[in-house]
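With the first letter of the sequence shown counted as 1, position 48 gets the number 78 in my numbering; the numbers rise by one all the way through.
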Amino acid sequence: YNFNAKDLNNFKSFQRLMNSYYKIGILNNEKDVLKDDIVLSLVRTLELYDLYTSGHSEQVAHLCAEFGQELGLSSSDIRELYWAGIVHDIGKIGLPADVLNMKRKLTDSEYEQVKKHPENGHMILSRSKSLKTIADVVLHHHEWWNGKGYPDGLIGDDIPFSSQILTVADAVSAMMDKRPYSRAKTKSEIIEEIAKNSGIMFNPKIAVLMIELLKGGIIDEIKKAQ
């Protein structure tokens, strides 16, 4: 077989996700239906996951799991948070490739298309009975604490708690790495952005805990693990 650069990148992306999958150590039962369904979901959408997307998903998942452990959540809740992080962008399968790979700031029209990805992700994941809880977490990970997020404009604690955690983890990861249209932010800049958006995008209590994790070196831990 002749594989091009895109094929090789996809293979590497899949390998990275699977390495993370086994490394986390949360799902140990080989007969766990949840594990099987998630792997199938990843395989079905593999062609959309380039190296950036893979790295971002792993970062978000790691942040979610660490956050859950800091809160003393149950292993099942941490497991759900971790896998919600892995698949939170799976709904981008429904977006045009040229919009996904845009190297400039999106137009209003393009942004409206991107805003559909939580609903797309919910539709994909909720088709598996064991993923319905994770599907709901994914659906609401772009809701804002002040009600100005999407898709439903939920306010405050009307937003599922796991989605609130996923929202801040997603934002931190997005700031950690260079994007086509923005540079990577420093740890102090990320902390400043989280603090500035406390009570706007983020639950203030969750923002405070994330800032503590950032000050404790969580970004360095994540980068070493990749």
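Just so it is clear, CB atoms sit at the ideal spot from N, CA and C, and this is done for glycine as well.
With a CB to CB cut of under 8 Å and the five nearest residues on each side skipped, what residues in its chain are close to residue i?
i	result
ILE221	ILE241, LEU244 and LYS245
GLU140	VAL129 and MET132
Can you tell me whether DSSP reads residue i as helix, strand or coil?
i	result
ARG109	helix
TYR31	Below a pLDDT of 50, predicted positions are generally treated as unreliable, and TYR31, at 42, falls in that range; no measurement from the model is reported.
SER160	helix
SER104	coil
ALA114	helix
Considering Cα atoms alone, identify which of the options is closest to residue i.
i	options	result
GLY115	GLN89, VAL202 and ASP250	GLN89
LEU136	ASN150, SER212 and MET153	SER212
PRO181	LYS159, GLY121, CYS94 and ALA127	GLY121
ALA127	ASP138, TRP113, GLN143 and HIS118	GLN143
Assuming residue i contacts residue j under a Cβ cut-off of 8 Å, what Cβ separation, rounded to an integer in Å, is found between them?
i	j	result
ASN233	TRP174	Contact flag wrong, Cβ pair sits at about 10 Å.
LEU111	SER203	Not a contact, Cβ separation roughly 14 Å.
ALA214	LYS208	5 Å
Looking only at its chain, what residues have a beta carbon closer than 7 Å to the beta carbon of residue i, apart from the 5 residues adjacent to it on each side?
i	result
GLU100	LEU239 and LEU243
ILE249	MET206 and LYS217
GLY179	HIS172 and GLU173
Is the CB of residue i under 8 Å away from at least one CB in chain C?
i	result
HIS86	Reference to chain C is not applicable here, since this structure consists of a single protein chain.
For residue i, which residues from the same chain have a beta carbon less than 6 Å from its beta carbon, with the 5 sequence-adjacent residues on both sides left out?
i	result
GLN194	ASN233 and ILE236
Exercise. Can you list the alpha helix (DSSP H) stretches of 4 or more residues lying completely in the region 166-203, in chain order?
Worked result: As far as the region 166-203 is concerned, it has no whole alpha helix (DSSP H) run of at least 4 residues.
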